[in-house]
Amino acid sequence: ILQDAVWLNRRDILGRTMLHDAAEFGHSSVMELLLKARVIVDVKDSRGDTPLHHAARHGRLKEVSMLLKEHATPWILNVERKSPL
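Numbering of the sequence shown is given in this note's numbering, commencing with residue 6 and proceeding in unit increments.
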């Protein structure tokens, strides 16, 4: 399953992927598996938020660090013109 990048990058009705949810809710072990499977790190949801936006907004410092180590882009702006950091 972890080798199926299409499935791992699948979006819900809000455009969010599993990486968005793992970042928001602090599931670092899930994030580790997803990042090892090379999911899209800077994927945007329907509001233009990346997983880094979600992790930062919810104070998930470990997850923010994990995403930055995987070269997540910290200056991407969402629809409100806000960057993750």
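Glycine included, C-beta positions come from ideal geometry on N, C-alpha and C.
Keeping to the same chain, check which residues put their C-beta closer than 8 Å to that of residue i; ignore five residues upstream and five downstream.
{"i": "V35", "result": "M23 and A27"}
For residue i, I'd like the list of residues in its chain whose CB is within less than 7 Å of its CB, leaving aside the five on either flank, ordered along the chain.
{"i": "D54", "result": "N83"}
{"i": "S88", "result": "P79, W80, I81 and L82"}
Taking all protein chains shown into account, do 16 or more other C-beta atoms lie within 10 angstroms of the C-beta of residue i, making it buried, or fewer, making it exposed?
{"i": "E68", "result": "buried"}
{"i": "V44", "result": "buried"}
{"i": "H25", "result": "buried"}
{"i": "V46", "result": "buried"}
Once DSSP output is grouped into helix, strand and coil, what is the label at residue i?
{"i": "E85", "result": "coil"}
{"i": "L19", "result": "coil"}
{"i": "K49", "result": "coil"}
{"i": "H76", "result": "coil"}
{"i": "A61", "result": "helix"}
Less than 8 Å between the CB atoms is what I'm expecting for residue i and residue j, so what's the real figure, rounded?
{"i": "L40", "j": "E75", "result": "5 Å"}
{"i": "L72", "j": "L57", "result": "5 Å"}
Original post:
Using 8 Å as the Cβ pair cut-off and three pairs as the minimum, do the region 61 to 70 and the region 43 to 52 touch?
Top reply: Contact between the region 61 to 70 and the region 43 to 52 is absent, because fewer than three Cβ pairs lie under 8 Å.
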